[in-house]
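Per numbering that gives the first Met the number 0, residue 0 is the first one in the sequence shown, and the count goes up by one each step. The structure appears right after this line, and notes come after that.
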Amino acid sequence: MFLAALLLAVTMPQDTPPPPLPQDSEPVKMTIEVGSRSTERSRTDTPVPVDVIPLEDVADESGQVDLTQLLQFAAPSFNSNRQSGSDGSDHIDAATLRGLGPDQVLVLINGKRRHTSSLVYIFGTRGRGTVGTDLNTIPVSAIERIEILRDGAAAQYGSDAIAGVINIVLKNDAGMDVVLSTGQYLEGDGQSEQLALHYGIPLGERGTLSLTGEFLNRDKTNRAGPEEPRVIGDAATENLTFFYNLDARIGEFGTLYGHGGINHREGLAGAWYRDGVGSDDIPSRNSASMYPNGFVPDIGTDIEDFSLGFGYRQIVRDWSLDLSSSIGSNRMEYVISNTLNASIANFNNGISPDEFRAGGFDFEQQTTNFDVSRHFRTLLHGVSFAAGLEHRRETYSIFAGEPGSYADYDGPGGGNAGSQGFPGFQPVDVVYAKRNSGAAYLDMEFKTTPKLLLTGAVRLEDYSDFGKTVDGKVSFAYTATPALTLRGSSSTGFRAPSLHQRYFSSTFTDFIAGEAADVKLARNDSELARLVGIPSLKEEESLNFSVGLTWNARANTAVTADVYRIDIDDRIVLTGGFTADDADIGPIIEAQNLVEARFFTNAIDTRTQGLDFTVSNVAGPWTTSLALNLNETDVLRVNTAPGLAGKEDIYFNKRERLFVEGSAPKTKGVLSAGYRAVRWNAGARLNYFGELEAGTWTHLDDPDAPPQHYDARVTTDVHFGLDLPRNLGITVGGTNIFDAQPTEQDPFETENGARWENVQMGINGAAYYVRMRWSR
Numbered sequence: 000m001f002l003a004a005l006l007l008a009v010t011m012p013q014d015t016p017p018p019p020l021p022q023d024s025e026p027v028k029m030t031i032e033v034g035s036r037s038t039e040r041s042r043t044d045t046p047v048p049v050d051v052i053p054l055e056d057v058a059d060e061s062g063q064v065d066l067t068q069l070l071q072f073a074a075p076s077f078n079s080n081r082q083s084g085s086d087g088s089d090h091i092d093a094a095t096l097r098g099l100g101p102d103q104v105l106v107l108i109n110g111k112r113r114h115t116s117s118l119v120y121i122f123g124t125r126g127r128g129t130v131g132t133d134l135n136t137i138p139v140s141a142i143e144r145i146e147i148l149r150d151g152a153a154a155q156y157g158s159d160a161i162a163g164v165i166n167i168v169l170k171n172d173a174g175m176d177v178v179l180s181t182g183q184y185l186e187g188d189g190q191s192e193q194l195a196l197h198y199g200i201p202l203g204e205r206g207t208l209s210l211t212g213e214f215l216n217r218d219k220t221n222r223a224g225p226e227e228p229r230v231i232g233d234a235a236t237e238n239l240t241f242f243y244n245l246d247a248r249i250g251e252f253g254t255l256y257g258h259g260g261i262n263h264r265e266g267l268a269g270a271w272y273r274d275g276v277g278s279d280d281i282p283s284r285n286s287a288s289m290y291p292n293g294f295v296p297d298i299g300t301d302i303e304d305f306s307l308g309f310g311y312r313q314i315v316r317d318w319s320l321d322l323s324s325s326i327g328s329n330r331m332e333y334v335i336s337n338t339l340n341a342s343i344a345n346f347n348n349g350i351s352p353d354e355f356r357a358g359g360f361d362f363e364q365q366t367t368n369f370d371v372s373r374h375f376r377t378l379l380h381g382v383s384f385a386a387g388l389e390h391r392r393e394t395y396s397i398f399a400g401e402p403g404s405y406a407d408y409d410g411p412g413g414g415n416a417g418s419q420g421f422p423g424f425q426p427v428d429v430v431y432a433k434r435n436s437g438a439a440y441l442d443m444e445f446k447t448t449p450k451l452l453l454t455g456a457v458r459l460e461d462y463s464d465f466g467k468t469v470d471g472k473v474s475f476a477y478t479a480t481p482a483l484t485l486r487g488s489s490s491t492g493f494r495a496p497s498l499h500q501r502y503f504s505s506t507f508t509d510f511i512a513g514e515a516a517d518v519k520l521a522r523n524d525s526e527l528a529r530l531v532g533i534p535s536l537k538e539e540e541s542l543n544f545s546v547g548l549t550w551n552a553r554a555n556t557a558v559t560a561d562v563y564r565i566d567i568d569d570r571i572v573l574t575g576g577f578t579a580d581d582a583d584i585g586p587i588i589e590a591q592n593l594v595e596a597r598f599f600t601n602a603i604d605t606r607t608q609g610l611d612f613t614v615s616n617v618a619g620p621w622t623t624s625l626a627l628n629l630n631e632t633d634v635l636r637v638n639t640a641p642g643l644a645g646k647e648d649i650y651f652n653k654r655e656r657l658f659v660e661g662s663a664p665k666t667k668g669v670l671s672a673g674y675r676a677v678r679w680n681a682g683a684r685l686n687y688f689g690e691l692e693a694g695t696w697t698h699l700d701d702p703d704a705p706p707q708h709y710d711a712r713v714t715t716d717v718h719f720g721l722d723l724p725r726n727l728g729i730t731v732g733g734t735n736i737f738d739a740q741p742t743e744q745d746p747f748e749t750e751n752g753a754r755w756e757n758v759q760m761g762i763n764g765a766a767y768y769v770r771m772r773w774s775r
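Set out below in structure tokens:
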């Protein structure tokens with residue numbers, strides 16, 4: 000992967016861009032670390048679009064306290080919505096670019112690959128069936144800026160970079176910052192408290208060791224109707240993080256660097272309501288002795304995230320040599336409370352334990368890179384060369400819960416087995432899987448004339464569990480006039496199936512149109528998958544085209560526009576549910592004592608097309624910007640397995656298709672304006688969320704059945720900041736101050752059983768906040 004060579008540009012110029020919503024269109028020269036290996040490249044002359052967001056300024060003016068929500072309201076091509084009633088997805092936010100999957104965007108820290116989470120998003124989320132990176136394990140106070148490469152980059156970076164790359168650049172300057180913030184929603188819930196300390200320790204004249212500690216507490220929200228016993232809203236979370244970033248010169252030409260951290264997070268979310276009403280063929284899910292009036296189980300999580308990495312760069316006769324190694328892991332365990340195992344209560348005088356540790360999963364990634372690079376100033380009008388090797392080892396495991404969380408103590412026909420809300424992982428689910436991959440890349444940039452830049456990259460990857468893949472990329476940037484640059488790129492890409500998708504399995508309770516059902520999500524290599532006819536997973540393949548321009552209309556105004564198309568074959572998704580009602584497969588499902596079974600498979604081909612447009616202006620104390628993303632994804636084909644021909648509506652039905660096509664609004668835009676005086680500043684921002692559609696539970700097999708339709712919405716944010724004596728600053732503000740909500744729906748048709756899906760701006764409404772910062 001191209002990762003370590005990117006750190007040639009690890010220092011950022013002291014000039015920082017203006018605060019409100021900076022995009023790649025701003026007329027500010029800044030050395031960037033993503034999208035180009037050349038240290039000569041700034042974000043205004045790259046052949047592909049790159050957004051640069053100075054996080055400290057944006058955080059002070061947005062009221063958001065975690066990274067995913069901060070980016071949700073700052074970058075139109077980025078989407079992330081908190082989920083409700085979705086098990087683990089309530090606790091780890093899915094993050095996407097250009098409406099594609101969470102696993103189709105690669106996350107880097109200081110140019111190094113970041114490990115993904117151990118969670119597979121299952122139900123209730125637009126990222127269902129995928130694995131993403133948990134951005135909220137990274138403290139906002141440790142980050143200097145975010146670079147978002149909006150272009151396919153698998154030929155440069157490797158697997159997962161189909162939609163683009165998010166590079167998180169950590170602070171490495173000396174000094175101290177203390178941040179204290181609090182806020183809550185107008186409804187009176189969801190209160191958040193954040194305390195962060197960043198300390199950059201100078202290492203003499205040789206560099207800096209930056210340390211950041213952050214504590215974040217966020218209470219739950221509840222937007223359930225007045226007669227609804229459930230809790231429908233954000234999970235409560237308590238987040239404690241420590242991060243370090245090291246950059247120190249060794250001798251005259253060497254640099255020792257590293258970064259990493261520890262994150263511990265506890266979350267608590269409400270499951271669906273259990274009223275205990277059973278029938279002759281549905282065992283009771285309650286005990287009148289424990290919860291005579293019904294109950295709402297709580298799904299808690301303990302998440303441990305760890306990363307550690309170091310590297311060494313050395314300049315040898317104008318060549319940069321870079322060797323680095325890192326390890327990262329993510330572990331998530333479920334703790335189910337306010338619950339019971341009804342099969343225990345059934346023979347134990349109606350009493351069961353009310354809390355169970357239900358097991359979970361663990362993912363670990365070890366990466367080693369060696370890279371060489373050089374810029375030849377005297378060849379043509381400048382030539383940059385880079386090449387490198389990478390070895391990566393990944394492991395994935397599922398561990399079982401305590402027996403009471405899954406076991407059936409009274410046999411068929413008795414009380415429902417397992418902890419209500421989330422049945423524990425069983426011994427049959429336990430797995431320990433591993434794989435290795437090796438990669439080699441070559442990347443070159445040619446300034447053939449003073450006006451024309453040509454680039455090319457090729458990458459070979461070899462995976463121990465499915466084989467080799469070769470991908471390439473070409474791009475150009477042509478300076479037509481001093482103010483106008485034309486640019487474009489074309490690339491092939493791939494995404495390797497994650498170990499999670501290959502080996503995840505679980506039996507759990509899903510609510511289908513409000514009714515509980517036991518569902519098996521079976522391993523791709525399981526006997527059940529083989530009997531049903533599900534093929535082995537293979538890599539996703541993509542073809543990416545983009546063309547655009549940058550126009551510096553005046554010294555203080557810049558415009559960018561880029562159109563793109565991304566074709567992806569064999570996308571990995573979750574199938575629809577195969578049930579006992581099916582004439583061919585029903586006996587197989589019944590033999591497993593299941594109501595429904597689902598599988599991971601390379602089911603669909605998709606096409607994503609869109610436009611990114613930005614314009615920004617800096618005029619004295621005023622800064623204004625407009626950023627717009629138009630995006631549409633279509634499922635072109637359902638690749639039904641040969642043995643399942645004629646079952647396309649089960650394999651991937653309309654409802655599942657709309658989860659893919661409605662992953663993001665078709666239009667998303669941000670218009671912001673800010674004014675900065677000597678001692679104070681103020682600003683406002685309009686966030687536009689375009690319409691989208693979601694599936695229903697009614698008439699799943701009817702392609703003409705009307706979907707849920709969400710009209711476009713606009714939210715309004717305002718802030719006012721004041722610089723006080725002794726390096727103290729305070730900002731007060733409000734988000735979504737006019738309390739916009741998504742279009743109301745029939746709760747029996749939504750995934751989460753609420754009056755809305757978790758889409759667009761979310762369901763929580765207006766909020767206000769106060770944020771204080773002290774620096775020295």
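We treat Cβ as the ideally placed atom computed from N, Cα and C, and that holds for glycine. Because the structure is a prediction, the values reported are computed rather than measured.
What does the Cβ neighbour count give for Val130, buried or exposed, with the cut at 16 atoms within 10 Å? With 16 or more other CB atoms across the displayed protein chains lying within 10 angstroms of its CB, Val130 is buried.
Determine the direct distance from the alpha carbon of Gly423 to that of Phe398, and round the result to whole angstroms. Cα to Cα, the separation comes out at about 10 angstroms.
Skipping 5 residues on each side, what residues in its chain have a beta carbon closer than 8 angstroms to that of Ser324? Its chain contains Gly308, Phe309, Gly310, Gln365, Thr366, Thr367, Asn368 as the residues whose beta carbon lies nearer than 8 angstroms to that of Ser324, once the 5 sequence neighbours on both sides are disregarded; these appear in chain order.
Are Phe355 and Gly299 closer than 7 angstroms when you measure CB to CB? Taking a C-beta distance under 7 angstroms as the contact criterion, Phe355 and Gly299 do not qualify as a contact pair.
Who are Phe598's beta bridge partners in DSSP? BP columns for Phe598 point to Ala521.
Bridge partners of Trp679, per DSSP? Answer is Leu721, bridged to Trp679.
Label Glu756 either buried or exposed according to how many other C-beta atoms from any shown protein chain fall within 10 Å of its C-beta, with 16 as the threshold for buried. So Glu756 counts as buried.
Which residues bound the beta strand (DSSP E) around Phe384? Residue range 382-399 is occupied by the beta strand (DSSP E) that includes Phe384.
Assign His708 to one of two classes, buried (16 or more other C-beta atoms within 10 Å of its C-beta) or exposed (fewer than that). Under a 10 Å Cβ-count criterion, His708 is classified as exposed, with fewer than 16 other Cβ atoms of the shown protein chains found around its own Cβ.
Are there 16 or more other CB atoms within 10 angstroms of the CB of Ile603, so buried, or fewer, so exposed? The residue is buried, with at least 16 neighbouring Cβ atoms inside 10 Å.
How many whole angstroms separate the CB atoms of Gly126 and Leu148, which I take to be in contact at a CB cut-off of 8 angstroms? The pair is not a contact, with the Cβ atoms about 20 angstroms apart (cut-off 8 angstroms).
Return the CA-CA distance between Ala482 and Asn551, expressed in angstroms with no decimal places. Ala482 and Asn551: Cα-Cα distance of roughly 5 angstroms.
Evaluate Leu625 with the Cβ neighbour count: other Cβ atoms within 10 Å of its Cβ, from every protein chain shown; 16 or more gives buried, anything less gives exposed. In the assembly as shown, Leu625 is a buried residue. Its beta-carbon has 16 or more other beta-carbons within 10 Å.
For Asn763, the residue or residues it bridges with in DSSP: Residue pairing by DSSP places Asn763 opposite no residue, since no beta bridge is assigned to it.
If you draw a straight line from the C-alpha of Glu401 to the C-alpha of Gly358, how long is it? Approximately 7 angstroms, taken between the alpha carbons.
Kindly provide the ranges of any alpha helix (DSSP H) runs that are 4 or more residues long and lie completely inside the region 54-116, ordered along the chain. Qualifying alpha helix (DSSP H) stretches, in chain order: 54-61, 66-71.
Would the beta-carbon of Ser342 fall within 7 angstroms of that of Val47? No; because the gap between Cβ atoms is not below 7 angstroms, this pair is not in contact.
Under 8 angstroms, with one C-beta from each stretch per pair, do the region 99-116 and the region 635-646 reach the 3-pair mark? Here the region 99-116 makes no contact with the region 635-646; the two share fewer than three CB pairs at distances below 8 angstroms.
My parser needs the alpha helix (DSSP H) runs of 4 or more residues fully inside the region 144-193; what are they? Runs of the alpha helix (DSSP H) inside the region 144-193: 153-156.
What separation, rounded to the nearest whole angstrom, lies between the Cα atoms of Asp218 and Gly761? Between Asp218 and Gly761, the C-alpha separation is close to 16 angstroms.
Three-state secondary structure (DSSP) of Thr666: In the structure shown, the three-state DSSP call for Thr666 is strand.
Do you know offhand how far Phe599's Cα is from Glu389's? When rounded, the distance between both Cα atoms is 28 angstroms.
Under 8 angstroms, with one C-beta from each stretch per pair, do the region 73-88 and the region 114-122 reach the 3-pair mark? Output reads yes: the region 114-122 touches the region 73-88.
Within 10 angstroms of the Cβ of Leu498, are there 16 or more other Cβ atoms? Answer buried if so, exposed if not. Leu498 should be labelled buried.
Does the distance from the CB of Glu192 to the CB of Asn216 come in under 7 angstroms? Yes.
Output the residue ranges of the alpha helix (DSSP H) runs that lie fully inside the region 409-493 and measure 4 residues or longer, sorted by chain position. At a cut-off of 4 residues, not a single continuous stretch assigned as alpha helix (DSSP H) sits fully inside the region 409-493.
Take Pro26 and list the residues in its own chain whose beta-carbon comes closer than 6 angstroms to its own, dropping the five residues that flank it on each side. Summary for Pro26: the model assigns pLDDT 37, below 50, so the residue's position carries little reliability; its value from the coordinates is reported in the next sentence. Leaving aside the five residues that flank Pro26 on each side, the residues in its chain whose CB is nearer than 6 angstroms to its CB run, in chain order, Asn551, Ala557.
Taking buried to mean at least 16 other C-beta atoms within 10 Å of its own C-beta, is Arg205 buried or exposed? In this structure Arg205 is exposed. Its beta-carbon is surrounded by fewer than 16 other beta-carbon atoms within 10 angstroms.
Below 8 angstroms on the Cβ atoms is my contact criterion, and I expect Glu655 with Gly575 to pass it. Report the Cβ-Cβ distance as a whole number of Å. Rounded, the Cβ-Cβ distance is 6 angstroms, consistent with contact.
Of the residues Glu748, Phe241, Asp745, Gln740, the one placed nearest Ala766, counting alpha carbons only: It is Gln740.
6 angstroms Cβ shell around Gln22 - same chain, five flanking residues per side excluded: For Gln22, the predicted model reports a pLDDT of 39, less than 50, meaning its position is unreliable and no value from the coordinates is stated.
Taking Asp136 as the reference, which of Trp271, Ile231, Arg330, Ala160 has the closest Cα? As written in the sequence, residue 136 is Thr, which differs from the Asp given in the question. Just measuring C-alpha positions, the residue of Trp271, Ile231, Arg330, Ala160 sitting nearest Thr136 is Arg330.
Does DSSP put Tyr405 in a helix, a strand or coil? Here DSSP, grouped into helix, strand and coil, assigns Tyr405 to coil.
Assigned exposure category for Arg553 - 16 Cβ within 10 Å defines buried: It counts as exposed.
DSSP three-state label for Arg772, please. When secondary structure is reduced to three states using DSSP, Arg772 falls in the strand class.
Roughly how many whole angstroms lie between the Cα atoms of Ile784 and Glu186? Given that the chain is displayed from residue 0 to residue 775, the structure contains no residue 784 and the question cannot be resolved.
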